[in-house]
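Enquirer:
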Amino acid sequence: MGGTLSLVAMALTSCAHAERETVDLVIRGGTIYDGSSAEPAVGDIAVSGEKIVYVGRSADNPYEGERIIEAQGMIVAPGFIDPHTHADAFLTGEDRTTRLNLPWMMQGVTTIFTGVDGHGQPGGEVDVAGFFDNIEQQKFGINAAAYVGFGAVRRAVIGDDDRAPTTSELETMKNLVAKGMCEGALGLSTGLFYAPQSFSTTDEVIAVAKEAARRGGVYDSHQRDESSYSIGVVASTQEAIEIGRTAGMPVHFAHFKALGVDVHGKAPELIATIEKARAEGLRVTADQYPWEASGSGLEASLLPRWAVDGGREAMLGRFDDPATLERIKIEMRENLRRRGGPDSLLLTATGHSWTAKRLGQVAEEWGVEAIEAALRIIRETDRGGSVVSFNMAQEDIKLLMQQSWVMTGSDGSHGHPRMYSTYPEKYAKYALEEQTISIADFINSSTGRVADAFQLDARGHLRKGYFADIVVFNPDHYRPKATYVDPTLFASGVSTLLVNGAPAIENGQPTGVAAGRGIKNVPPPGTCSDSR
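Residues 0 to 531, numbered by numbering that gives the first Met the number 0, are exactly what the sequence shown covers, in order.
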């Protein structure tokens, strides 16, 4: 009798398998973090075309896969969504390999946001439609969204001058923002720390931001001051909140931090400021990179904003006037102090005798004051070249990272390891080693939290009907490789990456498939007619 029952059971099992529908791919037996849950679950994910059709227990999976990825012992998560990147060189690359965007892809990132810090489209353009046409026609390795850049808009209308727009110019600026929103932008991005954006008043920004707000946009900002340069980081945070509240739109803080020795320990006050606004009903979020050093240009780090009024030629003219130069040096010394001194700045622009050296070391080699060395470098290079600035306190980084409204963002730019290793750095250092956050917190803050904050349709979670943007990585091998001295090493540990269901990485290696697409915001009906 026992043998007969065994044969019957085997026959039933065989019939059940025979009746299973076949789909393109099944990821089997992985440890699944779905993008929002506090705990993982072991099971399967089935993918048909570009969508997920099943997430759940292996025993209940009704699908067979034409391809099977055995994921036992691996972490399976939504592809990471990076809300703040400087990926222009990859977006405009002429060869297919460049356009795969491997620095992000090898970390497990499947979607990036661009046009940040108010810079707009590659080259400082205001051309959202052209950006999406480029993605569609030339293809791109991962998905990409875009902002209208306030700086690009302001420069297109009134140039680099330190003045307010005329009534007519302000109308032109508003029209450009409206046009960009109707072409699919996520919202308005500003970089009020940078000239010429720093020359704008709060009211000017609000007037322009209202056009993005009408069309469902987010106000994203590299705020006016992350330190003690001008109004201070707390007042600057309050300004961004005021802009969002008055314009009627959500506020997102880019690379949120307390930068420089004057503001170390300010994280609790910054958190309280944002929590108050959230309690009052304003949607406020932030992104953060897990590094003690920021990245910028030497000019932006040290020069006073008034010194660059009118652009580079006007700046160089001020350098040639002894009295004006002395004023500039006084303010540069103070800016260098607040950044932590000459040894806090690592010069990362490539191809120079001073590349990969600290500013203090270069000044000593040249036998001059650090400010004199900085001025010489600024004269010889565009914006003084890139720098890595060691200016943040671990206590602030950790406290901000633990907030429910803070998400992971790379601010990925050349010369800094954050372009190549932000996500594995956060995982390895802050989730595993120091346990500042849990693995689930790391994944949720890098996936579902981003998608939900920006209302991305059917992305950021592992759910039936969602796009199959999926990363599979080895929890023991997923690690950063890039360093401050050698910032262009690919991360390790990602074994499989799907972008819209297509295999971008297999067995740890890029496949060469470019399956990314443009992700557009859809404005509310009636807000994109010919007239505002």
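Where a beta carbon is used, it is the ideal one built from N, C-alpha and C, also for glycine.
(1) Report the CB separation of Glu182 from Ala239 in whole angstroms; it is logged as a contact under 8 Å.
(2) Go ahead and pull the three-state DSSP assignment for Arg417.
(3) Distance, Cα to Cα, Ile350 vs Leu374?
(4) For Asp485, which of helix, strand or coil comes out of DSSP?
(5) Return the bridge partner residues of Val471 from the DSSP annotation.
(6) Just confirm the distance between the C-beta atoms of Ala392 and Gln106, as a whole number of angstroms; I'd bet it's less than 8 Å.
(7) Output the distance between the C-alpha atoms of Glu298 and Arg98, rounded to the nearest integer angstrom.
(8) Three-state secondary structure (DSSP) at Thr96?
(9) Straight-line CA distance for Thr236 to Gln222?
(10) Return the residue from the list Asp161, Ala253, Val204 that minimises the CA-CA distance to Phe149.
(11) Report the partner residues of Asp286 according to the DSSP bridge assignment.
(12) Using the beta-carbon count (16 or more within 10 Å), is Leu335 buried or exposed?
(13) Are there 16 or more other CB atoms within 10 angstroms of the CB of Ile67, so buried, or fewer, so exposed?
(14) On a CA-only basis, which of Gly309, Phe389, Ile327, Glu18 is nearest Thr347? Give me that one, please.
(15) What first and last residue would you give for the alpha helix (DSSP H) that runs through Glu325?
(16) Tell me which residues share the same chain as Arg214 and place their Cβ nearer than 6 Å to its Cβ, disregarding the 5 neighbours each side in the sequence.
(17) At 3 residues or longer, what runs of the beta strand (DSSP E) sit wholly inside the stretch 100–132?
(18) Which residue wins for smallest C-alpha separation from Arg543, given the options Ser300, Glu135, Phe318, Val176?
(19) Smallest Cα separation from Thr21: which of Ala45, Ala40, Arg27?
(20) With Ile518 and Asn142 assumed to form a contact (beta carbons below 8 Å), what rounded beta-carbon distance in angstroms separates them?
(21) Kindly indicate which residue of Thr272, His251, Asp219 has the alpha-carbon position closest to the one of Ala234.
(22) Measure the C-alpha to C-alpha separation of Ala15 and Met73 and round it to an integer number of angstroms.
(23) Could you give the distance in angstroms between the alpha-carbon of Thr487 and the alpha-carbon of Asp59?
(24) State buried or exposed for Gly196, treating a residue as buried only when at least 16 other CB atoms are found within 10 Å of its CB.
(25) Distance check for Arg56 and Gly294, CA to CA, integer angstroms please.
(26) How many Å lie between Val25 and Thr510 at the Cα?
(27) Quick check: is any heavy atom of the ligand GTP less than 7 Å from the C-beta of Phe79?
(28) List, from N- to C-terminal side, the alpha helix (DSSP H) runs of 4 residues or more that fit wholly inside the stretch 190–241.
(29) Compute the Euclidean distance between the alpha carbons of His460 and Ile31, then round it to the nearest angstrom.
(30) Which word fits Ala88, buried or exposed, when buried means at least 16 other C-beta atoms lie within 10 angstroms of its C-beta?
(31) Looking only at its chain, what residues have a beta carbon closer than 6 Å to the beta carbon of Leu497, apart from the 5 residues adjacent to it on each side?
(32) Rounded to the nearest angstrom, what separates Thr113 and Tyr146 at their Cα positions?
(33) Which whole-angstrom value is the C-beta distance of Trp404 and Arg277, which I expect to be below 8 Å?
(34) How is Ser437 classed by DSSP in three states: helix, strand or coil?
(35) Please give me, in chain order, every unbroken run of the alpha helix (DSSP H) with length at least 4 that falls completely inside the stretch 245–305.
(36) Give me the Cα-Cα distance between Gly492 and Val75, rounded to the nearest whole angstrom.
Expert: With the given structure in hand:
(1) Contact flag wrong, Cβ pair sits at about 25 Å.
(2) helix
(3) It should be pointed out that residue 350 corresponds to Gly in this sequence rather than to Ile. Distance between the alpha carbons of Gly350 and Leu374: 18 Å.
(4) coil
(5) Val75, Thr495
(6) Their Cβ separation, rounded to whole angstroms, is 25 Å, which puts Ala392 and Gln106 out of contact at 8 Å.
(7) 29 Å
(8) helix
(9) 7 Å
(10) Among Asp161, Ala253, Val204, the Cα nearest to that of Phe149 belongs to Val204.
(11) Met406
(12) Buried: at least 16 other Cβ atoms inside 10 Å.
(13) exposed
(14) Phe389
(15) 321–338
(16) Met180, Pro522, Thr526
(17) Runs found: 108–113.
(18) Past the edges of the chain, shown from 0 to 531, lies residue 543, and the structure says nothing about it.
(19) Ala45
(20) Taking C-beta atoms under 8 Å as the contact rule, Ile518 and Asn142 qualify, at a distance of about 5 Å.
(21) Relative to the Cα of Ala234, the nearest Cα in the group Thr272, His251, Asp219 belongs to Thr272.
(22) Caution applies to Ala15, whose pLDDT of 46 falls short of 50 and renders its modelled position unreliable; the model cannot decide the point.
(23) 43 Å
(24) Note on identity: in this sequence residue 196 is Gln, with Gly being the wrong assignment. Gln196 is classed as buried because its beta carbon has at least 16 other beta carbons within 10 Å across all chains shown.
(25) 44 Å
(26) 18 Å
(27) With respect to small molecules bound, the structure shown includes none, and the ligand GTP cannot be examined in it.
(28) 201–213
(29) Cα-Cα distance, rounded: 11 Å.
(30) exposed
(31) Ala467, Ile469
(32) 6 Å
(33) At roughly 7 Å, the Cβ-Cβ gap stays under 8 Å, so Trp404 and Arg277 are in contact.
(34) coil
(35) Taking only runs of at least 4 residues, the alpha helix (DSSP H) segments lying wholly in the stretch 245–305 are 266–278, 297–301.
(36) 12 Å
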